[in-house]
Amino acid sequence: MMNLRRRMVGPVAVVSLAGGLDSESAPAVQDKLSKLLQQQPYLLIDFAGVPCVSSAGLRTLLLLYRQAQGLNHQVGVVGMSPEVRNVLDATGFLDFFTVADTVADVVAALDIDAEEALREPVTSGS
Amino acid sequence: VSPSHLVRDRIDSFPTHTVAGYGVRAGRPLPFGATLVPGGVNFSVFSGRASAVSVVLFKQGEKQPLAEIAIPEEFRIGRVWAVTVFGLDYEDLEYGYRVTGPEYPEINDRFDATKVLSDPYAQIMSLRPVWGQPSDPDDAYPHRSRLAFDDFDWEDDAPLRIPSNELVVYETHVRGFTRHPSSGVTNPGTYAGLVEKIPYLQELGINCIELLPIFEFDEFGDSRLNQDTGELLLNYWGYNTVSFFAPKAGYAATGRFGMQGDELKHLVKKLHKAGIEIILDVVFNHTAEGNEMGPSISFRGLDNSTYYMMTPDGYYYNFSGTGNTFNSNNPVVRDFIVSCLRFWASQYHIDGFRFDLAAIMDRDEHGVPLDNPPLLEALAHDPVLRDCKLIAEAWDAGGLYQVGSFPNYRRWSEWNGKYRDTVRRFLKGDEGVLGDFATRMVGSPDLYKHRGARASINFLTCHDGFTLADTVAYNDKHNEANGEDNRDGANDNNSWNSGWEGPTDDPEVNRLRARQIRNGLLLLLTSRGIPMILSGDEVGKTQHGNNNAYCHDTELAWFDWTQTETNADLLRFTSNVVRFRAAHPVLHGAHHPNSIDATDCGHPEISWHGVRAWEPDWSPGSRLLGMMWCGHHIENGSPDYVYVVANTHWEGHDVQLPPLEEGWHWRRFADTSLDSPADACEPGAETPVTNPENYQVGPRSVAVMVGYRDA
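In the order they appear, the protein sequences are chains A and B. Residue numbering for the first sequence follows the working numbering, starting at 339 and increasing by one per position. Residue numbering for the second sequence follows the working numbering, starting at 300 and increasing by one per position.
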């Protein structure tokens, strides 16, 4: 079973995952994160509590990335184990994300327009 | 687009029956294989004579099946057994087929209901996820198929469609290229490792890599111990396919996670971004199931007499030299091969295919060569494959040699074995080969008259045989490490050891070898046709005289990256010569050159010369030939003059340079008798020559001149 905890670091919504990310847990995680992404321009996923990621898990990440692109939002990833990171690197998935070792590093690396970020979200008319 | 317009559920996405506790319904016969469909997985498999077929499901890593779903007879359409099974976890799933034969078997039936067979269309296999790791000897079902979720994000990747005459092919081995400890990559011996070396390939200047087989094979398939050394000999090359739609998992850093498909696709994407095409060496002439004594993996137990050429008395024809022969002109098998190549071209963005022992593919089911082999015709005209390069190794182990006569539909190229043999003989100084050598240099018009120069894949070396450095260091093969008393491997190497067999301290011999290697590369890259370089030749790779290194997953066969430093001069030379070829369209024209002055520049496209200009010496004892190319630069329309003079005589000659038109003079691009860096300039920075009329060509040397407009 996968647990999600969410907190805000400035304008960035940080979601910490705890548990394995595989085909069993991925659909629920996908659901929750994509809902969150609708409202949050900056989403950071903390992998420190994820011991293993299967290909379905990685695809969850990529789907989020595609969604974020459509919304013009950004997704960062932090805390991946060297093994998970290597898998992401070898398959090219890593190219899609802002990745760093700590939450602070990713927040710094994300291209944040602070004023824009602190403004109230505008409801899109389309 | 509002999501409500998307089809979310289908009314056929619910089961109609229950078998072995699983909801199922009649499946779709096409596509073959296992396909993810809404709510489930559709399984479809052909067997012409089975009486019963069941899908055997495993949870990944478990020894015993999770379930066995007998496909109800009424689900069969024609001879295709198809079932959709609901509620499966596709990631953890392994599967296979149990196939029962008819009550009264025929002589060529090989049904065995004790076996779980792999799916011929499996997109990944869990046979050996990590290279060289022995499998569990207690696993009764080692050849399990798996599902792949083929939704790779290609972004804007598209085929490069480099005109084939502009290619410079680099033949390499995924594992061998980066497995050596000196490679310095994060994941040695893998697709991901190769990605890290793309800058090296760009630096070298090649624009196409050809990979030795990457379809799933079993490196332990014929593994054995060398009786003398105790060394474990594996099937390192992989010309023994287990599964034709599945990439080799052991070549992926992510094979343990079943992500080999993504990793290979990532490699293709990165290569394309770097302007490099990718050709796969594919082996459709036989399978890993061997002869009568071989294992039942898939085809044998599904429909032996369809997939294999069988003798009237029930034995396997062996035109491949490996036990069996794939029956490729049978309509079912032909369809399988065409589908497979379409899959690789569309799902993996592969740019071309080199067919191992391709002459087998024009034999009928009894092994008789056909005039118009349906498979080869189908591949030549296939709509999906239309932009793919098709390259035949135009011979087989059954004695069919079709270099120049392979059924080609003006579409196929060939590995030009005659190019290799003739140029090697010329290089070592054989008498009486000058005329033939000249024919090879201009794209072998004798063989490919109606097909143009790009039908000819020119090569001096390939994985099979000596490396280039060994071609000039050994007269004879030295295959003792293969454990067959030096009986294996070719004997007609057309090699010359330059005066001493094997390594030597003699500086004269070593200088000659260095020169001979450069002579070979320079001639290869100034020939019409498509040049192919064997990986490692650009840094003087040796296999210590072994000309058949198929079984060595060791430093004997791996690319040693320290040689990029120890032989940096040769690497630089090769890179400059590759770039020189690209810079001179006259060298890589698609057609055979005209010997009349069609461009009206005062010279024919090709003209022949000797010690005196316009006086080639074609006599049997002659070892010197001047080749003057004259074309036009496509961009600026100015003349493109290149003069190649090859001297394989042991003495130097004072050679008259063919006079150029008024206002032009010769400069030197390369001269293999000179020390680095004078042996080859940076293209575009050629060196003025002191005497504009004559040039001193050294013993066993090749020099290349370029026409420059006077300042």
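The beta-carbon is built from N, C-alpha and C at its ideal position, and this holds for glycine as well.
### Query
Smallest Cα separation from H571 (chain B): which of B:T485, B:D455 and B:T621?
B:D455
### Query
In whole angstroms, what separates the C-alpha of K547 (chain B) from that of P982 (chain B)?
Their Cα atoms are separated by approximately 39 Å.
### Query
So with Cβ pairs under 9 Å, would you call H316 (chain B) a contact of chain A?
no
### Query
Which residue or residues does DSSP assign as beta-bridge partners of T399 (chain B)?
B:A351
### Message
Going by DSSP, what residue range makes up the beta strand (DSSP E) through Q995 (chain B)?
### Response
N993 to V996
### Query
Does any residue of chain A bring its CB to less than 9 Å from the CB of P302 (chain B)?
Reliability fails at P302 (chain B), whose pLDDT of 46 lies under 50, so the model's placement of it is uncertain and the value that follows must be treated cautiously. Cβ-Cβ to chain A under 9 Å: no for P302 (chain B).
### Task
Check whether the segment 339-349 of chain B touches the segment 391-405 of chain B, counting contact only when three or more Cβ pairs, one atom from each stretch, lie closer than 8 Å.
yes
### Task
Find out if the Cβ-Cβ distance for the pair T863 (chain B), I832 (chain B) is shorter than 9 Å.
no
### Task
May I ask which residues mark the beginning and end of the alpha helix (DSSP H) holding V1034 (chain B)?
Only positions 300 to 1010 of chain B appear in the structure, and residue 1034 (chain B) is not among them; the question remains open.
### Query
What is the DSSP secondary structure of V460 (chain A), reduced to helix, strand or coil?
Reliability of the predicted coordinates at V460 (chain A) is poor, the pLDDT of 39 falling under 50, and no value is obtained from them.
### Query
From what residue to what residue does the alpha helix (DSSP H) around H1054 (chain B) run?
Outside the displayed span of chain B (300 to 1010) sits residue 1054 (chain B), for which this structure offers no information.
### Assigned secondary structure, S343 (chain B) (DSSP; H/G/I helix, E/B strand, else coil)
strand
### Task
Write down every uninterrupted run of the alpha helix (DSSP H) in the segment 643-681 of chain B whose length is 4 residues or greater and which is fully enclosed by it, in chain order.
673-680
### Query
Would you call the segment 591-600 of chain B and the segment 408-420 of chain B in contact, with 3 or more CB pairs under 8 Å?
Yes: the two stretches touch, three or more of their Cβ pairs being nearer than 8 Å.
### Task
Determine, using beta carbons only, whether D243 (chain B) and T760 (chain B) come nearer to each other than 9 Å.
In the structure as shown, chain B starts at 300 and stops at 1010, and residue 243 (chain B) therefore has no counterpart that could be examined.
### Message
On the DSSP letters alone, give me the boundaries of the alpha helix (DSSP H) that L767 (chain B) sits inside.
### Response
L767 to T770
### Query
DSSP state of T586 (chain B), grouped into three classes?
coil
### Query
Which residue or residues does DSSP assign as beta-bridge partners of G332 (chain B)?
B:S343
### Query
By the criterion of Cβ-Cβ separation under 8 Å, what are the contact partners of S419 (chain A) in chain B?
Residues of chain B passing the Cβ test: none, with the nearest at roughly 13 Å.
### Buried/exposed call for M346 (chain A), threshold 16 Cβ in 10 Å
exposed
### Query
Across which residues does DSSP place K688 (chain B) in a beta bridge pair?
B:G651
### Task
Establish whether the CB of A428 (chain A) and some CB of chain B are separated by less than 9 Å.
yes
### Residue environment, R309 (chain B), which counts as buried when at least 16 other CB atoms sit within 10 Å
exposed
### Message
Just to confirm the assignment: which complete beta strand (DSSP E) runs, minimum length 3, are found wholly within the segment 806-891 of chain B?
### Response
829-833
### Task
Please confirm if A424 (chain A) has its CB atom under 9 Å from at least one CB of chain B.
In the sequence as presented, Ala is not what sits at residue 424 (chain A); that position holds Asn. Yes, N424 (chain A) counts as interfacial toward chain B.
### Task
Might you give, ordered along the chain, the residues of its own chain that have their beta carbon closer than 7 Å to the beta carbon of Y647 (chain B), omitting 5 neighbours on each side?
Excluding positions up to five away in sequence, the list reads L563, K564 and V567.
### Query
Just by C-beta distance, which residues in the segment 350-365 of chain A are closer than 8 Å to chain B?
D360, S361 and E362
### Task
Measure the CB-CB distance between F342 (chain B) and A381 (chain B) and report whether it falls below 9 Å.
yes
### Query
Per DSSP, what kind of secondary structure is N946 (chain B) in: helix, strand or coil?
Residue state, collapsed to three classes: strand.
### Task
Would you mind telling me which residues of chain A sit closer than 9 Å to H648 (chain B), beta carbon to beta carbon, in chain order?
Within 9 Å Cβ-Cβ: nothing; H648 (chain B) doesn't reach chain A, min ~13 Å.
### Query
Comparing alpha-carbon positions, which option in B:Q995, B:T853, B:C929 and B:P938 lies nearest A780 (chain B)?
B:T853
### Task
Thinking I406 (chain B) and G554 (chain B) are a contact (beta carbons under 8 Å), I'd like their distance in whole angstroms, please.
Incorrect: roughly 40 Å between the Cβ atoms, too far for contact.
### Message
Looking at chain B, is there any beta carbon in it that lies within less than 9 Å of the beta carbon of A345 (chain A)?
### Response
Residue identity differs from the one stated: residue 345 (chain A) is Arg in this sequence, not Ala. Closer than 9 Å: no.
### Query
Of all the options B:G339, B:F331 and B:A319, which has the alpha carbon lying nearest to the alpha carbon of F313 (chain B)?
The alpha carbon of F313 (chain B) has as its nearest neighbour, out of B:G339, B:F331 and B:A319, the alpha carbon of B:G339.
### Task
Please determine if the segment 501-515 of chain B and the segment 480-489 of chain B are in contact, where contact requires at least 3 C-beta pairs separated by less than 8 Å.
no
### Message
I'd like the span of the beta strand (DSSP E) that includes P480 (chain B), first residue to last.
### Response
Per DSSP, P480 (chain B) is not a residue of any beta strand (DSSP E), being assigned neither H nor E.
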